[in-house]
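Notes to accompany the following structure.
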Amino acid sequence: AQSVTQLDSQVPVFEEAPVELRCNYSSSVSVYLFWYVQYPNQGLQLLLKYLSGSTLVKGINGFEAEFNKSQTSFHLRKPSVHISDTAEYFCAVSLPSGNTPLVFGKGTRLSVIA
Amino acid sequence: EAQVTQNPRYLITVTGKKLTVTCSQNMNHEYMSWYRQDPGLGLRQIYYSMNVEVTDKGDVPEGYKVSRKEKRNFPLILESPSPNQTSLYFCASSLKGGQRVIWEKLFFGSGTQLSVL
Chain A
1 AQSVTQLDSQ VPVFEEAPVE LRCNYSSSVS VYLFWYVQYP NQGLQLLLKY
51 LSGSTLVKGI NGFEAEFNKS QTSFHLRKPS VHISDTAEYF CAVSLPSGNT
101 PLVFGKGTRL SVIA
Chain B
1001 EAQVTQNPRY LITVTGKKLT VTCSQNMNHE YMSWYRQDPG LGLRQIYYSM
1051 NVEVTDKGDV PEGYKVSRKE KRNFPLILES PSPNQTSLYF CASSLKGGQR
1101 VIWEKLFFGS GTQLSVL
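Order-wise, the sequence lines are chains A and B. Residue numbers 1 to 114, in the working numbering, belong to the letters of the first sequence in order. Residue numbers 1001 to 1117, in the working numbering, belong to the letters of the second sequence in order.
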């Protein structure tokens, strides 16, 4: 079965600095990968997805992620963060076929400091 | 507006008092699911439904019940709540493509914060 590890539970970063949130997955077959964002007191919303094709995926709010099959990673990056990016970020993995679940990581809390 | 609506937003109850958290979606989605979110544990799936009258256990189903009598509604029932069910609960829904859930279309509700005393 597939699994996801988010290596950092909390990431503090100063405003306008770059940030990388790390995600590694475990699967013996091809996967679909997702990043979700949860702003305070809200539900999760999709930030970006990798299904196939280009390994560099761009999402909303200036975020991007790179799928690295050899490293089994899907790290999320933003070159310059804003206060409004303060949120919890979840990486998730699923398989392309069949009735397989979406498995979430434990989340990374990004705190942007003014 | 496409949305998943959960009620109530906040709920405080006592051990053993039956409660229901409602979930409704207006997107004609076949798939619906309940998750609980706990600090340091991320989101864990409680139950899911691939279509009307079809429900299955997720990772943490103990102490919960669900029903799917209509496509739009998927209530979560706690027959005898206990303090370890204090958590933030999310309902979600999505389309299906054949037997596969189209995860990139997954919509979440705003959550229900439940406290069991």
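Glycine included, each C-beta is placed from N, C-alpha and C at the ideal position.
* Asked: Would DSSP call GLY1042/B helix, strand or coil?
  -> strand
* **Same chain, Cβ closer than 6 Å to PHE34/A, five either side skipped, listed in chain order** => LYS49, ALA92
* To do: Taking only beta-carbon positions, decide if GLU1030/B is within less than 8 Å of chain A.
  => no
* Asked: Does DSSP put ASP85/A in a helix, in a strand, or in coil?
  -> helix
* Reduced DSSP secondary structure (H/G/I, E/B, other) of ASN99/A -> coil
* Between which two residues does the beta strand (DSSP E) containing TRP1103/B stretch? -> Premise fails: TRP1103/B is in no beta strand (DSSP E) and is neither H nor E.
* At least one CB of chain A closer than 8 Å to the CB of GLN1099/B: is that the case? -> yes
* To do: Check the Cβ-Cβ distances between SER1115/B and every residue of chain A, and say whether any is below 8 Å.
  => no
* Asked: Looking only at DSSP bridge pairs, what is ASP1056/B linked to?
  -> TYR1048/B
* Tell me, please, which residues DSSP counts as bridged to ARG77/A. => GLU20/A, GLU64/A
* **Alpha-carbon to alpha-carbon, PHE1108/B and PRO1081/B** => 23 Å
* Asked: Which residues in the same chain as VAL1052/B place their Cβ atom closer than 6 Å to its Cβ, once the five residues preceding and following it in sequence are excluded?
  -> ARG1068, LYS1071
* **Rounded distance between the beta-carbons of THR86/A and VAL112/A, thought under 8 Å** => 5 Å
* Asked: From what residue to what residue does the beta strand (DSSP E) around ARG109/A run?
  -> 108-113
* **Option nearest LYS1018/B by Cα separation, candidates LEU1088/B, GLY1063/B, ASP1038/B** => GLY1063/B
* Asked: Residues in the region 48-70 of chain A with C-beta within 9 Å of chain B's C-beta atoms, listed in sequence order?
  -> LYS49, LEU51
* Asked: If you draw a straight line from the C-alpha of VAL81/A to the C-alpha of ARG1044/B, how long is it?
  -> 29 Å
* To do: Taking 8 Å as the cut-off, decide whether the C-beta atoms of SER9/A and THR108/A are in contact.
  => yes
* Measuring alpha carbon to alpha carbon, tell me which of THR72/A, SER28/A, VAL57/A ends up nearest ALA65/A. => VAL57/A
* Asked: In terms of alpha-carbon separation, which member of GLY1016/B, GLN1003/B, GLU1001/B lies closest to SER1115/B?
  -> GLY1016/B
* When the Cβ atoms of the region 18-26 of chain A are set against those of the region 1006-1014 of chain B, are three or more pairs found closer than 8 Å? -> no
* **N-terminal and C-terminal residue of the beta strand (DSSP E) that LYS58/A is part of** => 56-58
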